[in-house]
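Visitor: Using the UniProt record's numbering, read the sequence shown as starting at 1 and increasing by one per residue. Note that the Cβ used here is the ideal one computed from N, Cα and C, for glycine as well.
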Amino acid sequence: MNSSLGDRQDRIIVISNLYAIVRLYPKECLVQQYQHVVKIHRAINLYIKTLKHRHLPQEQKHQLIQTWVFIKDIFEENWDQVPENTREVLSNLQIGTLEENEFSLY
Numbered sequence: 001m002n003s004s005l006g007d008r009q010d011r012i013i014v015i016s017n018l019y020a021i022v023r024l025y026p027k028e029c030l031v032q033q034y035q036h037v038v039k040i041h042r043a044i045n046l047y048i049k050t051l052k053h054r055h056l057p058q059e060q061k062h063q064l065i066q067t068w069v070f071i072k073d074i075f076e077e078n079w080d081q082v083p084e085n086t087r088e089v090l091s092n093l094q095i096g097t098l099e100e101n102e103f104s105l106y
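(1) Taking the runs of the alpha helix (DSSP H) that are 4 residues or longer, which of them lie wholly in the segment 42-82?
(2) Please list, in chain order, all residues of the same chain as P26 whose beta carbon is under 7 Å from its beta carbon, the five residues on each side excluded.
(3) Determine the DSSP secondary structure at N85, reduced to helix, strand or coil.
(4) Would you mind reading off the limits of the alpha helix (DSSP H) that contains L30?
(5) Rounded to whole angstroms, what's the CA-CA distance from N92 to Q9? Just pull it up for me.
(6) Give me the Cα-Cα distance between Q60 and K72, rounded to the nearest whole angstrom.
(7) Reducing DSSP to helix, strand and coil, say where Y19 ends up.
(8) For I65, tell me which candidate among N85, Q94, V82, E88 has the shortest Cα-Cα distance.
(9) What separation, rounded to the nearest whole angstrom, lies between the Cα atoms of Q35 and R11?
(10) Determine the burial state of I44: buried for a count of at least 16 other Cβ atoms within 10 Å of its Cβ, exposed for fewer.
(11) By the three-class DSSP mapping on this structure, what secondary structure does Q33 have?
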């Protein structure tokens, strides 16, 4: 198997799994005080940067954006329960390096 094809398939699997796991187990993924949000955000951003250089199916692009929107909705709905120091960090998180015309969902 071509190494870049294998890498591409691995990325597709990881993105799909991240999408499913975060939706199935949000409490376990984000933790009560939302400590893991930054780590998941970092992973999503890394994959988005990778997408700019390697073409992945539109479905994976959609899953990354939807995963972030899902996470963001959760912590915004529970904003009063988020510790103040964590609020400051979370309020500054954005899906970076995206141009608006790249993803219709952004």
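Guide: Looking at the atomic coordinates:
(1) Whole alpha helix (DSSP H) segments, 4+ residues: 58-77.
(2) Contacts found: I74.
(3) Here N85 sits in helix by DSSP.
(4) Run containing L30: 26-30, per the alpha helix (DSSP H) assignment.
(5) If I take the Cα positions, the gap works out to 32 Å.
(6) Going by the C-alpha atoms only, they are around 18 Å apart.
(7) Under the three-state reduction of DSSP, Y19 is assigned to helix.
(8) In terms of Cα proximity to I65, the closest of N85, Q94, V82, E88 is Q94.
(9) As the crow flies, the alpha-carbon of Q35 is around 24 Å from that of R11.
(10) When all chains shown are included, I44 counts as buried.
(11) Three-state result, Q33: coil.
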